[in-house]
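Under our numbering, the first residue of the sequence shown carries the number 1, and numbering increases by one thereafter.
Below is one structure, written out as structure tokens; comments come after it.
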Amino acid sequence: MNGNASAKFLFPFLAMFVAAIAQADDGAKPPTYPVEVSSIQTILVDANDQPISDVKATVSGMRCLEDQGSWYGWPASNVGKVNESVSQADGTTAFQYPIKFGVPEKWLTTTTLDISFSHPDFVAKRIEINLAKVPTKIKLESGCKVELTAIDTKGKSVERFFPLIAGNEGPPNWVFSSGKAKTGCMSNGRQWCMLVSPSESGPLFSKLFEFETATDNAVTIADVVVQPGRRVFGKLPDIVPRPIVDGSVSIEVLMTPEKQLGGQVPLEWSDSVAIKEDGTFEFPSIPGPSRVQVIAICRGWIIRSEKEGRVNGQTYDLPKDQSELEVAFEMVQTGDIRLELMNVDGESVVGAKVYTWPNKLNMTGGSTLLTSSWRSIDFIERLLKGETNWSPWGKDLGTNRHYQISDEEGIVTLRDIPVGSQEWINVEHPNYDLPYEAGEVRNEVKYQVLAGETEERLLVLQKRQTPQKEKEE
Numbered sequence: 001m002n003g004n005a006s007a008k009f010l011f012p013f014l015a016m017f018v019a020a021i022a023q024a025d026d027g028a029k030p031p032t033y034p035v036e037v038s039s040i041q042t043i044l045v046d047a048n049d050q051p052i053s054d055v056k057a058t059v060s061g062m063r064c065l066e067d068q069g070s071w072y073g074w075p076a077s078n079v080g081k082v083n084e085s086v087s088q089a090d091g092t093t094a095f096q097y098p099i100k101f102g103v104p105e106k107w108l109t110t111t112t113l114d115i116s117f118s119h120p121d122f123v124a125k126r127i128e129i130n131l132a133k134v135p136t137k138i139k140l141e142s143g144c145k146v147e148l149t150a151i152d153t154k155g156k157s158v159e160r161f162f163p164l165i166a167g168n169e170g171p172p173n174w175v176f177s178s179g180k181a182k183t184g185c186m187s188n189g190r191q192w193c194m195l196v197s198p199s200e201s202g203p204l205f206s207k208l209f210e211f212e213t214a215t216d217n218a219v220t221i222a223d224v225v226v227q228p229g230r231r232v233f234g235k236l237p238d239i240v241p242r243p244i245v246d247g248s249v250s251i252e253v254l255m256t257p258e259k260q261l262g263g264q265v266p267l268e269w270s271d272s273v274a275i276k277e278d279g280t281f282e283f284p285s286i287p288g289p290s291r292v293q294v295i296a297i298c299r300g301w302i303i304r305s306e307k308e309g310r311v312n313g314q315t316y317d318l319p320k321d322q323s324e325l326e327v328a329f330e331m332v333q334t335g336d337i338r339l340e341l342m343n344v345d346g347e348s349v350v351g352a353k354v355y356t357w358p359n360k361l362n363m364t365g366g367s368t369l370l371t372s373s374w375r376s377i378d379f380i381e382r383l384l385k386g387e388t389n390w391s392p393w394g395k396d397l398g399t400n401r402h403y404q405i406s407d408e409e410g411i412v413t414l415r416d417i418p419v420g421s422q423e424w425i426n427v428e429h430p431n432y433d434l435p436y437e438a439g440e441v442r443n444e445v446k447y448q449v450l451a452g453e454t455e456e457r458l459l460v461l462q463k464r465q466t467p468q469k470e471k472e473e
């Protein structure tokens with residue numbers, strides 16, 4: 001799968017797309033297709049050109065020569081776990097990267113590295129480095145100190161909470177102790193913040209509040225009130241047959257500030273829930289006031305989108321004085337595609353990974369997989385547990401409606417495909433590959449489905465001719 005669409009999630013630093021199922025191997029396992037690695041080096045400095053030590057740098061993705069418009073996740077199947085490094089006393093840091101990545105006969109040449117930097121006393125930074133123009137130095141901005149505490153509606157101190165900050169930078173490196181959240185790496189200027197506290201009955205949220213930061217002036221804000229959020233609920237229309245099968249609703253929530261953000265990226269919140277067999281669904285607690293985007297899908301049906309030919313669902317306003325929101329929308333039929341895989345000798349190809357990747361458009365721009373079920377609260381829970389190196393990328397998410405394994409007869413059925421847009425299919429197998437068309441960099445199969453119908457295709461795979469070098473490795 002290629003990463004030909006950018007993604008927009010809760011945090012700006014996670015604005016990236018899982019580029020390939022092939023790259024979703026667990027980084028703890030030996031690489032499936034090991035490749036040669038190289039490295040680059042640069043120096044991290046402060047505003048006075050003084051070296052900065054102990055800066056953690058993470059290479060989270062890359063771009064390639066053959067497919068320059070796409071972003072690809074870290075290729076664990078080629079080089080193992082995500083590459084991290086720490087700058088030395090003189091500020092130097094080196095980044096290892098694969099010279100090529102992908103699978104045999106589909107190698108992609110690395111041209112650009114996507115790197116994130118974090119340090120307790122400096123503003124987080126994320127940049128893309130062109131390997132042909134590696135900067136001698138990279139400058140980091142000194143951070144501002146902020147300390148926050150929270151209470152519930154009864155005035156009781158809240159021990160576990162996480163501050164979400166609006167903006168283009170990565171999130172500050174927060175330290176949590178004794179009911180306080182502290183950071184020394186906030187950017188300088190006006191800030192918009194919302195506190196989130198996990199709860200068994202649903203997350204607690206503060207109001208969106210504003211404060212100013214400066215390098216020479218520490219900010220302390222005490223007793224920010226957190227309380228239950230707003231309820232969002234609904235029911236699929238009667239036209240969708242019951243019981244509902246494999247149904248889910250995802251939402252993207254865009255906070256509504258009282259003042260203009262001055263060009264900053266606004267705060268977002270994401271959540272996903274299963275649809276019950278009777279067609280009902282509920283989000284017990286989301287933040288507001290806000291604008292809410294809803295995308296629903298189930299076996300054979302999908303929400304009617306506001307934009308023709310693209311999946312962007314429906315949007316609703318959740319105003320300041322409203323404690324709950326009931327959403328109602330139309331659903332339209334999807335289509336399926338049934339694939340039979342065989343080799344040139346007419347034998348069934350068993351155990352092939354077959355996937356398609358219809359996207360959904362986020363209301364704030366960018367897109368991600370329609371099957372994505374990103375939940376902001378899950379990410380916050382992990383950060384509060386100290387799992388700072390956790391990432392949703394590079395994890396095998398298992399099979400789903402758009403990703404299946406061919407059975408003993410070489411059959412795969414991919415379901416619930418949106419109608420009206422051209423989609424692609426890719427196949428992965430250790431011994432077989434889809435043939436390339438003349439002049440094509442990729443060998444995906446293009447297709448479209450019709451509402452309520454199953455498209456049928458026969459895919460004849462060719463024997464993979466793995467280069468001798470990869471066999472030796």
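All residues carry an ideal CB built from backbone N, CA and C; glycine is no exception.
Beta-carbon to beta-carbon, V45 and P98 are separated by about 28 Å, too far to satisfy the 8 Å threshold. The alpha-carbon separation between Q462 and Q88 amounts to approximately 49 Å. Taken in chain order, the complete beta strand (DSSP E) segments of 3 or more residues contained in the region 311-337 are 314-318, 324-327 and 331-333. For S85, there is no enclosing alpha helix (DSSP H); the residue is part of the beta strand (DSSP E) that begins and ends at N83 to V86. With contacts defined as CB atoms closer than 7 Å, P120 and G184 qualify as a contacting pair. A Cβ-Cβ distance of about 5 Å is found for the pair S285 and P203, placing them in contact under the 8 Å criterion. The beta carbon of S116 sits closer than 8 Å to the beta carbons of F13, A57, T58, S60, A124, K125, R126 and G170 from its chain, once the five residues preceding and following it are set aside; these are given in chain order.
At the C-beta level, K145 and A218 come within 7 Å of one another. For R63, the three-state secondary structure derived from DSSP is strand. About 6 Å separates the CB atoms of M331 and I239; that is less than 8 Å, so the two are in contact. Counted as a single uninterrupted DSSP element, the alpha helix (DSSP H) harbouring A76 occupies residues A76 to V79. In the DSSP assignment, I380 falls within the unbroken alpha helix (DSSP H) covering S376 to L384. Ranked by how close their Cα comes to the Cα of T112, the residues A132, I244, S142 and L325 have A132 in first place. Across the structure, V103 and E423 are spaced so that their CA atoms are roughly 22 Å apart. Straight-line measurement puts the Cα of Q50 at about 13 Å from the Cα of T136.
Under the DSSP definition of a beta bridge, W301 partners with C298 and Q333. Taking C-alpha positions only, T364 is separated from P430 by approximately 39 Å. The C-alpha of I43 is placed about 11 Å away from the C-alpha of V134. For Y403, the enclosing beta strand (DSSP E) begins and ends at Y403 to I405. Contact between I377 and P198 holds: their C-beta atoms lie close to 6 Å from each other, under 8 Å. A check of alpha carbon separations from T356 across Q191, T371 and M342 identifies T371 as the nearest. Burial check for R457: the Cβ neighbour count within 10 Å stays below 16, so the residue is exposed. Boundaries of the beta strand (DSSP E) harbouring P284: T280 to I286, taken from the DSSP string.
For Y436, no beta strand (DSSP E) run applies, since DSSP gives it neither H nor E.
Remark: C-beta atoms of N78 and P30 do not approach each other more closely than 7 Å.
Between the alpha carbons of V196 and G351 lies a gap of roughly 43 Å.
In the structure shown, the three-state DSSP call for D114 is strand.
Within the same chain, and ignoring the five residues on either side of T280 in sequence, the residues whose Cβ sits closer than 6 Å to its Cβ are K235. For the pair V273 and V354, the CB atoms are not nearer than the 7 Å cut-off. The residues G143, C144, V146, P172 and T213, in chain order, have a CB closer than 6 Å to that of M186 in the same chain once the five nearest residues on each side in sequence are set aside.
Close CB contacts of I221 within its chain, under the 7 Å cut and outside five residues either way in sequence, are with L148 and F211 (chain order). Counting along the chain, no beta strand (DSSP E) covers I244, and no H or E run does either. Taken in chain order, the whole beta strand (DSSP E) runs of length 3 or more contained in the region 161-249 are 162-165, 175-177, 180-186, 189-197, 209-213, 219-225 and 230-235. Apart from sequence neighbours up to five positions away, the residues of its chain that approach D246 with a beta-carbon distance below 7 Å are C298, R299 and R401, ordered along the chain. Taking V175 as the centre and dropping the five residues before and after it, the same chain places the C-beta of K182 closer than 6 Å to its C-beta, in chain order. In terms of Cβ geometry, L341 and G410 form a close pair [threshold 7 Å].
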